[in-house]
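**Q**
See below:
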């Protein structure tokens with residue numbers, strides 16, 4: 002879609018910049034975004050106001066079979082509830098595989114009566130191992146489940162905070178005491194996944210606020226220090242790319258180990274040395290968040306009160 006240009010004269014451009022100085026609710030950036038991406042259905046003006054009707058406020062809904070309306074909000078809540086209930090394990094004896102902090106990649110249900118059947122996977126080593134990037138996503142998503150997954154991450158990750166791609170990967174049995182020393186991205190058995198580390202660093206830093214704000218200072222400090230340790234590791238070699246010719250930022254990330262989609266350099270036995278877009282994205286977010294903490298800036302969320 003072609004970008005719509007506004008303010009074709011110097012006076013018009015100055016007039017458009019003026020409201021930015023009085024926009025205390027951050028509404029102008031949203032209005033510009035709606036105008037540019039075609040979300041504004043109609044625009045009306047009067048002496049003091051400009052009002053726009055936006056598509057998502059017009060009653061547009063997702064339609065299923067036989068024109069059945071599907072609420073995306075309800076679908077989101079259902080997905081979140083199912084993920085929290087079935088994909089995160091809390092060690093309360095749900096079944097014999099209920100290891101505290103363990104995370105399932107997928108869950109299988111009976112399609113006739115919706116009864117839960119078993120965990121499954123596409124990207125981890127086995128249905129009953131923990132794919133560490135899946136764990137990282139849970140750590141960033143649900144407060145109570147995040148605490149048990151954060152504990153699992155701390156207990157099952159090398160001392161520098163960079164995990165191997167799956168805690169049940171078979172090659173780890175050949176790397177004795179691999180949790181008791183820094184990770185080795187150039188080992189001969191299993192790849193590390195720095196994208197997981199970057200996601201977990203953010204999750205632990207944000208999680209550290211919750212117990213601290215509720216009087217659990219030691220727990221808050223533990224998660225915060227974990228995030229800082231991981232950040233310290235990732236923002237230096239051999240994980241931070243210093244090669245001007247390399248297109249990525251964060252080296253030694255893993256995409257799909259079971260399918261063999263990761264690059265294995267010549268002369269090596271396992272994948273290493275490459276970047277992925279989600280790893281780079283979270284590495285960019287991580288120092289930005291740390292800078293905000295250091296400057297005691299406001300804590301940012303995904304919403305603003307009053308929207």
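Residue numbers (our numbering): 2 to 308.
Using N, Cα and C, we set each Cβ at its ideal position, and we do this for glycine too.
Small disclaimer: the values here were computed from a predicted structure and weren't measured.
1. Are the beta-carbon atoms belonging to residue 198 and residue 258 less than 9 Å from one another?
2. Going by DSSP, what residues sit across from residue 139 in a beta bridge?
3. If distances are taken between C-alpha atoms only, which option among 118, 202 and 179 comes closest to residue 234?
4. Quick test of the definition: if touching needs 3 or more C-beta pairs under 8 Å, does the stretch 243 to 257 touch the stretch 150 to 157?
5. Can you name the residues that DSSP bridges to residue 64?
6. Three or more C-beta pairs closer than 8 Å, one from the stretch 262 to 273 and one from the stretch 184 to 195: is that the case here?
7. Classify residue 281 as helix, strand or coil using the three-state DSSP reduction.
8. Exposed or buried, which one is residue 224 when buried takes at least 16 other CB atoms within 10 Å?
9. Relative to the alpha-carbon of residue 287, which residue among 196, 273 and 220 has its alpha-carbon at the smallest distance?
10. Taking just the CA atoms, how far does residue 265 sit from residue 306?
11. Hey, residue 222 and residue 206: beta-carbon distance below 9 Å or not?
12. Going by DSSP, which residues form a beta bridge with residue 119?
13. Considering residue 227, what are the terminal residues of the alpha helix (DSSP H) in which it resides?
14. For the alpha helix (DSSP H) containing residue 124, name the first residue and the last one.
15. Is the beta carbon of residue 139 less than 9 Å from the beta carbon of residue 84?
**A** So, from the listed chains and residues:
1. Position 197 of the chain shown, counted from the first residue, corresponds to residue 198. Position 257 of the chain shown, counted from the first residue, corresponds to residue 258. In this structure, residue 258 does not lie closer than 9 Å to residue 198 by Cβ.
2. What you label residue 139 is simply residue 138 of the chain shown in a count that begins at 1. The partner list for residue 139 (beta bridge, DSSP) is empty, contrary to what the question assumes.
3. Here residue 234 refers to the residue found at position 233 when the chain shown is read from its first residue. Looking at the Cα atoms, 202 is the closest of the given residues.
4. no
5. Numbered from its first residue, the chain shown carries residue 64 at position 63. Answer by DSSP bridge pairing, in chain order: 70.
6. The answer is yes - the stretch 184 to 195 touches the stretch 262 to 273, with three or more Cβ pairs under 8 Å.
7. The sequence position of residue 281 within the chain shown is 280, counting from 1. In the three-state reduction of the DSSP assignment, residue 281 falls in the helix class.
8. On the chain shown, position 223 is the one that residue 224 refers to. By the neighbour-count rule (16 or more Cβ atoms within 10 Å), residue 224 is buried.
9. For this step, residue 287 is matched to residue 286 along the chain shown. Selected option, being the one with the closest Cα: 196.
10. For the purposes of this step, residue 306 is identified with residue 305 of the chain shown, where counting begins at 1. For the purposes of this step, residue 265 is identified with residue 264 of the chain shown, where counting begins at 1. Low local confidence applies: a pLDDT of 44 at residue 306 is under 50, so the model's placement there is unreliable, and no value is given.
11. Along the chain shown, read from residue 1 onward, the residue named residue 222 stands at position 221. Along the chain shown, read from residue 1 onward, the residue named residue 206 stands at position 205. No. Outside cutoff.
12. By 1-based counting over the chain shown, the position of residue 119 is 118. Residue 119 pairs with 109.
13. Counting from 1 along the chain shown, the entry for residue 227 is found at position 226. Looking at the DSSP string, the run of the alpha helix (DSSP H) that includes residue 227 is 218 to 235.
14. By one-based count along the chain shown, residue 124 stands at place 123. Per DSSP, residue 124 belongs to no alpha helix (DSSP H) and is neither H nor E.
15. In the chain shown, counting from the first residue as 1, residue 139 sits at position 138. In the chain shown, counting from the first residue as 1, residue 84 sits at position 83. It is a contact, given that the beta carbons lie within the stated cut-off.
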